[in-house]
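Q:
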Amino acid sequence: MGIPKTGQVWVETVIYTLIGLVLIGTVLAFATPFINEQKDKATIERTAESMNSLDNTILNIKGQGIGNKREFSFLIGEGSLIVDGEKNKIRFSVDESNYAFSEPGISIDVSGTNMKVRTTKSGKKYDIVLTLEYDEKVDITYNKENIEKTFDPAPNPYRLIVENLGKIPEDKTLCLASTDCSLSSGEPGTCNSAETQCVPKFVNINIYDAS
Numbered sequence: 418m419g420i421p422k423t424g425q426v427w428v429e430t431v432i433y434t435l436i437g438l439v440l441i442g443t444v445l446a447f448a449t450p451f452i453n454e455q456k457d458k459a460t461i462e463r464t465a466e467s468m469n470s471l472d473n474t475i476l477n478i479k480g481q482g483i484g485n486k487r488e489f490s491f492l493i494g495e496g497s498l499i500v501d502g503e504k505n506k507i508r509f510s511v512d513e514s515n516y517a518f519s520e521p522g523i524s525i526d527v528s529g530t531n532m533k534v535r536t537t538k539s540g541k542k543y544d545i546v547l548t549l550e551y552d553e554k555v556d557i558t559y560n561k562e563n564i565e566k567t568f569d570p571a572p573n574p575y576r577l578i579v580e581n582l583g584k585i586p587e588d589k590t591l592c593l594a595s596t597d598c599s600l601s602s603g604e605p606g607t608c609n610s611a612e613t614q615c616v617p618k619f620v621n622i623n624i625y626d627a628s
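Numbering-wise (our numbering), the sequence shown opens with residue 418 and increments by one.
As structure tokens, this is what we get:
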């Protein structure tokens, strides 16, 4: 006795459905890592562009004189932006990325920018740090302090204000002669003459959040 036609159709439908699901699963197993890698690649490249634009804004404000300021929008969908007034750096850190932005284990310059990038292998993924260094260029502060400020992912862009505060003399430090001096923060300064205040060598670029 043969299988009823309706039963045969049902069995064939189940078999074809199972075959289809297996094929879909196989395709996803190969495609998902590639999709995740490309997604992370786009995110990191977009972040690198934002970091480069922020650097250009800082250097432009430096050249425009004391009192000048500009708003800069920085969207963070993944990773963290760190304004480090203590080390005079701005960093962007992304952990457990599916994409290796550079050769792991070494710090390299990003072509056409002032950025350095370091990629570190972390299991099957990568930790990536983009860094802007301002030693011998400007004195970076956050909210007029030499502190470290971290910006985490947020749905809306951060409204960062970049302002030129110039070279503000330090009341606490007097010069004994017309030579170099050191500020209370340990940063280098200069003296115009004896009995004058110690003046920073570099323009103070202050950053704060106006969001």
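Don't be surprised by glycine CBs; every beta carbon is placed ideally from N, CA and C.
Residue ranges of each beta strand (DSSP E) run of no fewer than 3 residues wholly in the region 531-602, ordered along the chain?
A: 532-539, 542-550, 556-559, 565-568, 575-583, 587-591, 597-599
Q: Determine which residues share a DSSP beta bridge with arginine 487 and list them.
A: DSSP, once it has assigned bridges, lists Val579 as partnering arginine 487.
Q: Can you give me the Cβ contacts of glycine 529 inside the same chain, cut-off strictly under 6 Å, excluding the 5 residues immediately before and after it?
A: none
Q: Under the DSSP definition of a beta bridge, which residues are partnered with glycine 606?
A: Cys598, Pro617
Q: Along the beta strand (DSSP E) that carries glutamate 513, what are the first and last residues, could you check?
A: 506-514
Q: Counting pairs of Cβ atoms below 8 Å between the region 483-494 and the region 542-549, do you hit three or more?
A: no
Q: For leucine 577, which of Glu495, Asp512, Thr567 has the nearest alpha-carbon?
A: Thr567
Q: Using a 10 Å radius around the Cβ and a threshold of 16 neighbouring Cβ atoms, would you call phenylalanine 451 buried or exposed?
A: Exposed: under 16 other Cβ atoms inside 10 Å.
Q: Please report how far the alpha carbon of valine 534 lies from the alpha carbon of threonine 548, in whole angstroms.
A: 6 Å
Q: Pull up the CB-CB distance for isoleucine 622 and isoleucine 475, whole angstroms please, since I reckon it's below 8 Å.
A: Isoleucine 622 to isoleucine 475, Cβ: 5 Å. Contact.
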